[in-house]
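A.B. asks:
Residue numbers (our numbering): -18 to 332.
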């Protein structure tokens, strides 16, 4: 007869496994566990050694898995072929990631100091590349592109040299001309009474020079070192003189002169013939032709206007008659002596 067992008294699966293993050696029991642990450890180590590398060169990007840590070795395994002057930059970008970039030189054209240069650069701003190429930048120099512009392949850069210089210039100051009407100058003619002299000023100028060419000038100061002298010119106006109570005669100019007298036998080497070849007579006057042209019609008065000799003609000359002097012919020696030497006005009548 069978005995019914109580389910609560039956052994559990773990008790069965424990009973089964109880009779095995200890290393047989631990071996599977050790193998599993080693496998997991290997996989973890492998996972930690593999990295995702991102490589950038310009606008191109390459992504690859790698267990290497040397940047150049990593790049060598990518699509990019390094050149001798390429520079690999970067490194770890976080757990399991590497971020690298390749800097490659490119040419830019630099026009400066009258010459064009081709310069290879890894890049940078216009300002940085100019200095890198060995071109000093002056305070006022002007680039064709803003200094903070990032350079790029085949870029053309021009640097204009600009400077300011201070110079001193002598500046002539024109003189004024004052015109004065005069009765002693022949009508229609002009005589210079006083010569004009230009003044002189020294101007201090600031000049902006671009590439050796002055483009802008401004005056900083100006000092007059010599004032101009005004020129004075007199011009003949002519006029009229009363030759009787009821008549006037137009004259070209009038002179204040010294008058003397002569008579027959006192005409020098010409005898009683004038310098113009005419016989001496009352009404003929000896003059200086440089002052009163021969043949001029005259009217001679005293300074107050009273008639002195009246109408006359300049027909003769004399060795002593120079400048503002005249010699009046009289009929007799007594008249000539009586006249002597006097101040008179000589009106040179208009033609």
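Glycine residues also receive a C-beta, built at the ideal position from the N, C-alpha and C atoms.
If contacts are defined as beta-carbon pairs under 8 Å, then residue 69 and residue 79 qualify, I think. What distance do you get, rounded to the angstrom?
C.D. replies: Incorrect: roughly 11 Å between the Cβ atoms, too far for contact.
A.B. asks: So what does DSSP say about residue 348, is it helix, strand or coil?
C.D. replies: Nothing can be reported for residue 348: it is not among the residues displayed for the chain, which extend from -18 to 332.
A.B. asks: Taking only three categories from DSSP, how would you classify residue 327?
C.D. replies: Residue 327: strand per DSSP, three-state reduction.
A.B. asks: Quick check on DSSP: helix, strand or coil for residue 36?
C.D. replies: strand
A.B. asks: Using the Cα positions of residue 108 and residue 129, report the straight-line distance between them to the nearest angstrom.
C.D. replies: 7 Å
A.B. asks: Under the three-state reduction of DSSP, which class applies to residue 114: helix, strand or coil?
C.D. replies: coil
A.B. asks: How many angstroms separate the CA atom of residue 328 from the CA atom of residue 165?
C.D. replies: The alpha-carbon atoms of residue 328 and residue 165 are separated by roughly 9 Å.
A.B. asks: Assuming residue 46 and residue 33 are in contact, meaning their beta carbons sit under 8 Å apart, how far apart are those beta carbons, in whole angstroms?
C.D. replies: 6 Å
A.B. asks: Looking at residue 174 and residue 161, is the spacing between their C-beta atoms short of 8 Å?
C.D. replies: yes
A.B. asks: Please decide whether residue 191 counts as near chain C, where near means a Cβ-Cβ distance under 8 Å.
C.D. replies: Looking at the structure shown, chain C is missing, and only one protein chain is on hand.
A.B. asks: Residue 69 bridges to which residues according to DSSP?
C.D. replies: 83
A.B. asks: Hey, quick one: how far does the beta strand (DSSP E) through residue 315 stretch, first residue to last?
C.D. replies: It is not in any beta strand (DSSP E) - residue 315 instead sits in the alpha helix (DSSP H) that spans 314 to 320.
A.B. asks: Could you check what DSSP says for residue 197 in three-state terms: helix, strand or coil?
C.D. replies: strand
A.B. asks: Taking the DSSP output, what are the residues bridged to residue 105?
C.D. replies: None, per the DSSP bridge assignment.
A.B. asks: Distance, Cα to Cα, residue 284 vs residue 236?
C.D. replies: Distance from the CA of residue 284 to the CA of residue 236, rounded to the nearest whole angstrom, comes to 10 Å.
A.B. asks: Please state whether the Cβ-Cβ distance between residue 308 and residue 242 is less than 8 Å.
C.D. replies: For residue 308 and residue 242, yes; Cβs fall inside 8 Å.
A.B. asks: Identify the continuous beta strand (DSSP E) that holds residue 212 and give its terminal residues.
C.D. replies: 212 to 217
A.B. asks: From the DSSP output, read off the bridge partner residues of residue 280.
C.D. replies: 292, 328
A.B. asks: DSSP state of residue 56, grouped into three classes?
C.D. replies: helix
A.B. asks: I need the boundaries of the beta strand (DSSP E) containing residue 310, first residue and last residue.
C.D. replies: 306 to 310
A.B. asks: Taking just the CA atoms, how far does residue 31 sit from residue 77?
C.D. replies: Taking the straight line joining both Cα atoms gives about 7 Å.
A.B. asks: Does DSSP put residue 13 in a helix, in a strand, or in coil?
C.D. replies: helix
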